[in-house]
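Here's the structure, in structure tokens; my notes come after.
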Amino acid sequence: MRLQRFLARAGVTSRRQAETLITNGQVTVNGTVATLGSSVDPLRDEVLVDGKRVKMADTVTWLVLNKPAGVVTTRTDPEGRDTVFDLVPNVAGLTYVGRLDYMTEGVLVMTSDGRAAHLLTHPSREVSRTYEAVVQGAAMEALDELQSGVELDEGLVLVDAAHVDKLGRSRWLLTLTLHEGRNREVRRLCEAVGLTVDKLTRVKFGPVGLGDLAPGKWRPLSQTELRGLAIRGGVRE
């Protein structure tokens with residue numbers, strides 16, 4: 000990202016005035032006086048104006064919500080159901096990164112940076128998503144099919160990783176990792192290999208996990224998670 004654009008988006012000043020600050024030698028990047036041609040990585044570089052640090056985080060919100068089942072991933076719902084926006088702060092421009100369907104719970108990353116949200120969900124970015132599904136059926140046979148690839152309406156779907164753990168008689172915990180997020184993809188994969196899904200949770204999106212975050216609760220993303228998303232999701236300019 001161009002330095003003057005960074006300063007403008009961080010709310011320091013306008014782009015034109017930012018150019019004046021840079022020309023006057025009032026801006027440093029990682030301890031070096033900046034020039035008009037300078038570019039910065041908002042998540043990695045230290046930018047100071049008149050000795051005071053400027054952070055993009057001052058103006059951009061990033062959080063993770065542990066979405067409960069029975070909540071829709073949309074801003075408003077014509078049926079009057081609860082939405083994910085009822086559970087998080089009222090932040091201008093806040094949007095979600097990768098929809099979860101009504102009965103799926105777990106990691107839902109949200110941000111006020113719409114461009115970054117779009118980049119992170121684009122298939123070319125290949126951000127991994129890990130799911131845990133409580134399923135019934137012939138799980139070991141289904142596992143072989145999943146690892147070989149499953150034909151859905153949109154074509155052959157290959158999972159990055161898959162394994163099962165036995166929970167009880169005919170009940171299994173299936174863990175799947177994929178690098179794309181098509182509509183109801185995990186549920187459709189399970190249906191295609193003869194498994195019935197009792198519960199579905201997204202436990203990880205890129206580097207962002209649930210930890211001890213309770214259903215319906217949210218927390219800000221850590222700097223480590225933001226850096227991980229920037230690297231794995233390609234959120235760079």
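Everything in the sequence shown is counted per the working numbering, starting at 0 for the first residue and increasing by one.
Even glycine gets a Cβ: it sits at the ideal position worked out from N, Cα and C.
- The three-state reading of DSSP puts H178 in coil, since its state is none of H, G, I, E or B.
- In this structure, DSSP gives V39 a state outside helix and strand, which the three-state scheme calls coil.
- With contacts defined as CB atoms closer than 8 Å, Q3 and R14 qualify as a contacting pair.
- In this structure, L151 places its C-beta atom within 8 Å of the C-beta atom of A191.
- Rounded to the nearest whole angstrom, the CA to CA distance from L62 to R218 is 6 Å.
- Counting along the chain, H117 sits inside the alpha helix (DSSP H) bounded by residues 113-120.
- Taking 8 Å as the upper bound for CB-CB distance, V83 and G205 are not in contact here, some 18 Å apart.
- By the Cβ-count criterion, L118 is buried, with 16 or more other Cβ atoms from all chains shown falling within 10 Å of its own Cβ.
- Looking at the DSSP output, D164 sits in a beta bridge with L172.
- Ranked by how close their Cα comes to the Cα of L42, the residues N29, D49, G50, A33 have N29 in first place.
- Look at V70 here: in three-state DSSP terms it is coil, with no helix or strand label.
- Counted as a single uninterrupted DSSP element, the beta strand (DSSP E) harbouring V156 occupies residues 154-156.
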